[in-house]
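All you need for our numbering is the position in the sequence shown, starting with 1, plus 214.
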Amino acid sequence: MVTGKKENKESTTLDNKTITDRLGHESIGKLLATYAIPAIVGTMVMSLYNIVDRIYIGQGVGAEAISGLALTFPVMTLSGACGMLIGAGAGARISIFLGKGDRPKAEKVLGNSLILVMIIASLYSLINFIWLKPILKAYGGTDVTLPYAVDYLKIIIPFTMLNNLSFGFNNMMRASGYPQKAMLTMMISALANVILDPIFIFGFKMGIEGAAIATVISMAITTVWVMIHFSNSNHTISFHKEGFKLNKRIIISIISIGMSPFLINVTASVVNVIMNRSLLLHGGDLAIGAFGIINSVSMVLVMLIIGLCQGMQPIVGYNYGARNILRVERAYNKTVIVATIISAVGFLLALFIPDIIVNGFTTDKELMAIAVPGLRFTLLAFPIVGFQIVTTNLFQSLGMAWKAIFLSLSRQVLFLIPLIWILPQFYDLTGVWIASPTSDVIAGIVAFFFLNYQWKRFKIAMSTDSK
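Below, the structure written as structure tokens:
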């Protein structure tokens, strides 16, 4: 079993227990708090990148700039997908290998992940930099919004690798037993972004380009932080020369699990493109800006739930590797309860005070008139979203790649995309907004059937083991 040295554990270690002792025997509620709270803070901080940029740009540059920034969502989402393909897959594999007591394999995953991120991020940057304008036009860009999107992305895209390294390896830091440090990583990065944004946007009068520069500097700080951590051989896992040799089995094991969050992000990008084009047709440039605001708000809530799931992942992954299914089930149940509370609160806020929320991004009355009802409609079925996200992440944490992939794709590809095409034919702009809650309901039902079947399988396996 992987135990590590006493002096190498974080201050969160209780009674000098090792990572193995904590994940395998400590109270699920206490473990979930230990791992999920830092993860939630980290994901919330990460979401501040988008929100802070949009608030400053909306208040300091204007409504058209928000619409231009909304065009960057698909590009940024795909960039995040590349990072999650490796980061989420590697994090889950590291937890499972540590649960099995195989530290060398966990370190091979770490080293292979670094090489994979560098290759994928470089290719993504090159493709987007060469064909940036045609890509943005395909995403719904017009002569009004395109210049803002180009100004922002021409600075961000060359540094895609920083984004992928910082967030991907932060996930591995958490999975290897350092949740507090992973949280601190995100906090430092977000604080830098909050401080630098007004300096570059207003102080240096650089507008939307200033927001991009602030974001790049913040990501660079995070990257340096996580690389220093994994260069320290005293930590639970660290970089070793032999780990950088690409191994086919390791690569497949990483990508098979990482494919689920990767496809979530890819399909989210595709949905953004289709949504932008539908909004442009039924509501114009400002409707795209309204969607940018709505997306930022819903993303905060989703990132809260994803942070919760990131806290669940090492607990579930470790105990599944150790064949302790009862602890897997308890961790999942507690996570679902909290996620449902979060999503229900988001629904209530969107239902009763959408104008106050939207006003934080813009004071433009025309933009507010579109965004306020849009926010209310979009989050109508949001209480179900928490359950669906946690269930998808359960299968991902268990290494059940195809189930996680199917659940990832069901909401966006099977249900949401067709509804975005169909409903506006009958309800115009309102049809675009109500496509989201309709797909949430259907996807939640599908997730329930998958979950019910899996618990039955586990009970059969447990009864067989006990004989």
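C-beta: ideal position from N, C-alpha, C; glycine also. These figures come from a predicted structure and were not determined experimentally.
Helix, strand or coil: which one does DSSP assign to Arg537? In this structure, Arg537 counts as coil in the three-state DSSP scheme.
Could you tell me if Ala553 is buried or exposed, where buried requires 16 or more neighbouring beta carbons within 10 angstroms of its beta carbon? buried
Per DSSP, what kind of secondary structure is Gly645 in: helix, strand or coil? Of the three classes helix, strand and coil, the one that applies to Gly645 here is helix, per DSSP.
If you compare alpha carbons, which of Pro632, Phe609, Val646, Trp635 is closest to Trp669? Phe609
Using the C-alpha atoms, what's the distance from Val275 back to Gly574? Cα to Cα, Gly574 sits roughly 14 Å from Val275.
Using three-state DSSP, classify Phe383 as helix, strand or coil. Phe383: helix per DSSP, three-state reduction.
Starting from Val572, follow the alpha helix (DSSP H) in both directions and report where the run begins and ends. 568-573
Check whether the Cβ atoms of Val289 and Asn342 sit closer than 8 Å, and answer yes or no. Yes, these two residues count as a Cβ contact at 8 Å.
Output yes or no for whether 8 Å exceeds the beta carbon distance between Ala320 and Ile329. no
Under 8 Å between C-beta atoms of Ser474 and Ala304: no
Please classify Ala675: is it buried, with 16 or more other beta-carbons within 10 angstroms of its beta-carbon, or exposed? exposed
Using only the alpha-carbon positions, how far apart do Ala425 and Gln273 sit? 13 Å
Extent of the continuous alpha helix (DSSP H) run through Glu321: 317-344
Among residues of its own chain, excluding the 5 on either side of Leu367, which ones have a beta-carbon nearer than 7 Å to its beta-carbon? Thr286, Val289, Leu346
Would a C-beta distance cut-off of 8 Å place Tyr181 and Pro393 closer than the cut-off? Residue 181 is absent from the model: the chain starts at 215 and stops at 681.
Put Ser390 into one of helix, strand or coil per three-state DSSP. Reduced to three states, the DSSP call for Ser390 is coil.
Which whole-angstrom value is the C-beta distance of Leu621 and Ser483, which I expect to be below 8 Å? Their Cβ separation, rounded to whole angstroms, is 18 Å, which puts Leu621 and Ser483 out of contact at 8 Å.
If you run the structure through DSSP and keep just helix, strand and coil, what is Val275? coil
Thr356 - containing alpha helix (DSSP H), residue span: Premise fails: Thr356 is in no alpha helix (DSSP H) and is neither H nor E.
C-beta atoms of Asn407 and Val266 nearer than 8 Å: yes
Suppose you measure from the CA of Pro587 to the CA of Leu495; what does that come to, to the nearest Å? 18 Å
Where Ala247 sits in the DSSP three-state scheme: helix
Return the residue from the list Val660, Val480, Ile539 that minimises the CA-CA distance to Lys673. Ile539
Start-to-end residues for the alpha helix (DSSP H) that takes in His496: 462-497
Does the segment 594-605 come close enough to the segment 660-668 that 3 or more CB-CB pairs lie under 8 Å? yes
Supposed close pair Met706, Val440 - CB separation, criterion 8 Å: The structure shown does not extend to residue 706, since the chain is modelled only from 215 through 681, so no value can be given for it.
Is the CB-CB distance between Gly506 and Leu283 below 8 Å? yes
For Ser445, three-class secondary structure by DSSP: Coil at Ser445, not helix or strand.
Tell me whether Leu500 sits in a helix, a strand or coil according to DSSP, three-state version. helix
Gly531 classed as buried or exposed, judged by whether at least 16 other C-beta atoms fall within 10 angstroms: With 16 or more Cβ atoms within 10 Å of its Cβ, Gly531 is classed as buried.
When burial is assigned at 16 or more other CB atoms within 10 Å of the CB, is Asn490 buried or exposed? buried
Between the CA atoms of Ala335 and Asn448 - distance to the nearest angstrom: 29 Å
With Gln610 as the anchor, note down where its alpha helix (DSSP H) starts and where it stops. 599-611
If you draw a straight line from the alpha carbon of Lys231 to that of Ala253, how long is it in whole angstroms? Only weak support exists for where Lys231 lies, its pLDDT of 47 falling under 50; the coordinates are left without a value.
Among Phe566, Asn533, Ile529, Arg537, which residue has its Cα nearest to the Cα of Thr549? Ile529
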